[in-house]
Amino acid sequence: MHRLLVTGGAGFIGSNFVHHVVATTDAHVTVLDKLTYASSEASLADLPADRVRLVVGDIADPETVDPLVEQADAVVHYAAESHNDNSLADPSPFVRTNIIGTYTILEAVRRHGTRLHHVSTDEVYGDLELDDPARFTEATPYQPSSPYSATKAGSDHLVRAWVRSFGIPATISNCSNNYGPWQHVEKFIPRQITNLIDGVRPRLYGAGANVRDWIHADDHSSAVWTILTKGESGRTYLVGADGEQDNLTVVRTILEIMGRDPDDFEHVTDRAGHDMRYAIDSTRLRTELGWEPRYGDFREGLERTVQWYREHEDWWRPQKAATEATYAAKGH
Ligand code: NAD
Ligand code: DAU
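Just so you know, we're using the working numbering here: the sequence shown kicks off at 7 and counts up by one.
What follows is the structure in structure tokens.
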């Protein structure tokens, strides 16, 4: 595991993983990233140039992907179109990147026998009812709801088929909702924090009863490293930190942390096909591989995240107006 290829390593979670690898191992990292609107070169700026290099390119381009996979001991595949609302407006880049891109990675991995870890989402399982005590496990049937989650489900199926049919050495992780620094302002938590910095009321889709299972991005990174180094090829691991919260509670908590009236938000048009509840049972990862999350206190993690956005306005400001204009056009 000395030479890693990290796709999507300039995105929110991929860049967190690159920092984790540099801080905790002596591995060298090549980041392959197309630098879409969701990326941030700044998130990699303070890393040592002799340990991390950025290749700007498309995971759906075999001529770019093949030599990079050939030179790597392992590929950690984060690159994706990641935002549900965008996938409802235009699914095409989701199909291209998430499905064709993953297929392109798989074919290179097959040619060169390289170890692959595929990073996926709990959304492939669809959603749970609010009053259902069940949580997702590795045995839960796939039932994706949105174009985004359907393309991630498709990518998971491709990885499973390449393991079974061609014997490639690969693992998959399906993680719940991440939060932390460097997350694009289109996503729920940074959108509300930056709205409040701008004096704008938070926007809650529908009634706000929908539940997400929040995990700090640092904990996701330690889980992926654990699976990459200790996981059994062909196996899937669910990643979660027992962080279920409904959206209304999250908005109220952010308002409180930022010194505002907890009821000072707006209900806006709901997301089409909005999944009700996600919840992860990460027993396999904890008992078989010994992983544990470090961020147990969601409110404290949120406080640190609020502080980070207050201190990094120069980073998110250029994206904010265009993001809000897109939301306004959809009634969100
Ligand atoms: P993100 O949108 O912040 O970053 C995605 C990165 O991929 C960007 O840097 C982008 O430039 C790059 N990219 C997109 N298309 C590309 C292409 N064709 N070629 C090369 N690079 C390309 O996403 P994120 O939130 O960091 O998510 C990363 C991965 O983790 C995704 O696979 C996502 O499905 C998965 N995931 C995310 C969450 C979450 O809560 N954000 C939870 C579970 C799983
Ligand atoms: O579960 C993992 C998934 O989590 C990842 O696979 C996705 O890449 C990631 O984007 C995230 O998907 P969600 O759709 O759950 O995240 P989002 O931040 O878009 O929304 C979180 C919840 O907040 C969801 O119920 C919709 C709601 N929401 C979102 C926005 C942007 C609001 O109520 N208001 C908003 O302004």
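Heads up, the beta-carbon is just placed ideally off N, CA and C, and yes, glycines get one too.
Cut-off 8 angstroms between Cβ atoms - residues of its own chain near residue i, not counting five sequence neighbours on either side
i: T289; result: T143
i: L41; result: A16, E47 and V62
i: I105; result: T157, G160, S161 and L164
i: D138; result: R283
Spatial neighbours of residue i in its chain, beta-carbon cut-off 7 angstroms, leaving aside the 5 residues before and after
i: E76; result: H118
i: T329; result: V191 and E192
i: D64; result: K40 and T70
i: S155; result: T127, E129 and V130
i: F304; result: W220, G249 and Q251
i: W314; result: P187
i: D96; result: none
i: L74; result: L11, T36, L38 and V61
Beta-carbon spacing of residue i, residue j below 9 angstroms
i: V35; j: R59; result: yes
i: A85; j: L50; result: no
i: R102; j: A80; result: no
i: D219; j: N253; result: no
i: L295; j: G237; result: yes
i: N180; j: T235; result: no
i: H338; j: R258; result: no
i: Y185; j: L308; result: yes
i: I178; j: D162; result: yes
i: E69; j: Y284; result: no
i: G279; j: L136; result: no
i: N201; j: S152; result: no
i: V256; j: V82; result: no
i: T5; j: I111; result: Missing from the structure shown is residue 5; the chain here goes from 7 to 338 and no further.
i: I286; j: R141; result: yes
From the options, residue whose alpha carbon lies closest to that of residue i
i: R207; options: Q313, P268 and G132; result: P268
i: T242; options: I105, V165 and A327; result: V165
i: M282; options: S88, E87 and L134; result: L134
i: L210; options: G186, D162, I195 and A156; result: I195
i: T232; options: P299, E262, L261 and T200; result: P299
i: H124; options: H89, L11 and W322; result: L11
i: D362; options: R277, G173 and E262; result: There is no way to answer for residue 362, as the model of the chain reaches only from 7 to 338.
i: F18; options: A215, A44 and P147; result: A44
i: L244; options: T275, V256, Q189 and A145; result: A145
i: G302; options: D320, G265 and A223; result: A223
i: D204; options: P97, T31, P99 and R266; result: R266
i: L107; options: D72, D56 and W297; result: Reading off the sequence shown, one finds Gly at residue 107, where the question assumed Leu. Comparing Cα-Cα distances from G107 to each of D72, D56 and W297, the minimum goes to D72.
i: A33; options: G20, D56 and L122; result: D56
i: N216; options: G132, W297 and P187; result: G132
i: W322; options: G212, I260 and I199; result: I199
i: T275; options: G212, M264, D138 and S98; result: G212
i: G20; options: D225, W297 and I260; result: D225
i: A167; options: L74, T332 and Y109; result: Y109
i: M264; options: G214, E306 and T332; result: E306
i: R310; options: P147, T332 and I260; result: I260
Environment of residue i [buried if 16+ CB atoms lie within 10 Å]
i: V312; result: buried
i: K336; result: exposed
i: S171; result: exposed
i: A114; result: buried
i: Q149; result: exposed
i: E87; result: buried
i: R316; result: exposed
i: A159; result: buried
i: H273; result: exposed
i: H8; result: exposed
i: H318; result: exposed
i: A78; result: buried
i: R121; result: buried
i: E250; result: buried
i: P187; result: buried
Cut-off 6 angstroms between Cβ atoms - residues of its own chain near residue i, not counting five sequence neighbours on either side
i: V169; result: A176 and G240
i: R197; result: V191
i: Q325; result: V191
i: N22; result: A223 and S227
i: Q189; result: F18 and P196
i: F100; result: E87, S93, P153, Y154 and T157
i: L53; result: V28
i: W297; result: A229, T232 and L291
Residue i CB to nearest heavy atom of ligand 4 below 8 angstroms
i: T127; result: Because ligand 4 does not appear in the structure shown, any question about it cannot be addressed here, the ligands present being ligand 1 and ligand 2.
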